[in-house]
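**Student:** Let me begin by handing over the structure; questions about it come next.
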C-alpha cells in the first residue's frame, strides 16, 4: 500500500506551490441523479488546481481531475498527491497515470477523515456556500454553478485564515512577487 507522505500536515508551505496536492470526491444530488465532483487542491495556496465532474464514480473521474491539474499548473518538480483510500485512488489505472505525470501518490489511513482534512474542508465549504443553498434541476446546472464557484469565486476571492486572510490567487501572487 502507498505511504502517507502528508501525515496531516496541511499548513501552507510558502514558496512550495505545486509540491503537495490533495483531493477527494463528493456527491451532488440533482433531479437527474447524482453528479460526482473530484478535486485537486494545492496544499500551499488552497487553490483548486484541477477538478472534474461526471455521472459515474469510475477511476476516469479522478484521473481527469489530476490530468487537469497537471495541464493547468505544469509542475516543474515532483508533486505529491494525497487522497483517501478510495478504490479510484488506489487503482492500478490511477497509479499508472500518476507515474506518467510525474506525480507521487500518498494516502491516508482507512476511516480517518482528518488524514485528508483540507479536501474535506473544501467540500464542506462548497456545500455550505453553494450546493446546499438550492436544488439542482440537472447535472448541467450543477456543473455550471460549480465552475462559477471554483473558478470565479473560490480561487479568486474566497479568503482563508491560513493564508493570512487572502484568497488563493492573492496568496500565489504574493509568493511570486
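Residue numbers (this note's numbering): 1 to 177. Beta carbons are placed, not taken as given, at the ideal position from N, Cα and C, and that holds for glycine.
Residue ranges of each beta strand (DSSP E) run of no fewer than 3 residues wholly in the region 79 to 109, ordered along the chain?
**Tutor:** With a minimum length of 3 residues, the continuous beta strand (DSSP E) runs that stay inside the region 79 to 109 are 79 to 83, 103 to 107.
**Student:** Starting from residue 125, follow its DSSP beta bridges and name the residues at the other end.
**Tutor:** Partner(s): none; residue 125 has no beta bridge.
**Student:** Provide the residue(s) that pair with residue 24 in DSSP beta bridges, ordered along the chain.
**Tutor:** 39
**Student:** Using beta-carbon positions only, say whether residue 150 and residue 131 come within less than 9 Å of one another.
**Tutor:** no
**Student:** Per DSSP, which one or two residues make a beta bridge with residue 34?
**Tutor:** Beta-bridge pairing links residue 34 to 29.
**Student:** Beta carbon of residue 138, beta carbon of residue 156: below 9 Å?
**Tutor:** no
**Student:** Taking the straight line between their C-alpha atoms, what separation do you get for residue 172 and residue 141?
**Tutor:** 30 Å
**Student:** Expressed to the nearest angstrom, what Euclidean distance is found between the alpha-carbon atoms of residue 164 and residue 76?
**Tutor:** 26 Å
**Student:** Going by DSSP in three states, residue 152 sits in which element: helix, strand or coil?
**Tutor:** helix
**Student:** DSSP beta-bridge partners for residue 69?
**Tutor:** Partner(s): none; residue 69 has no beta bridge.
**Student:** Using the beta-carbon count (16 or more within 10 Å), is residue 180 buried or exposed?
**Tutor:** The structure shown does not extend to residue 180, since the chain spans only 1 to 177, so no value can be given for it.
**Student:** May I ask which residues mark the beginning and end of the alpha helix (DSSP H) holding residue 174?
**Tutor:** 168 to 176
**Student:** If you follow the beta strand (DSSP E) that residue 52 is in, where does it begin and where does it stop?
**Tutor:** Note, residue 52: beta strand (DSSP E), 48 to 54.
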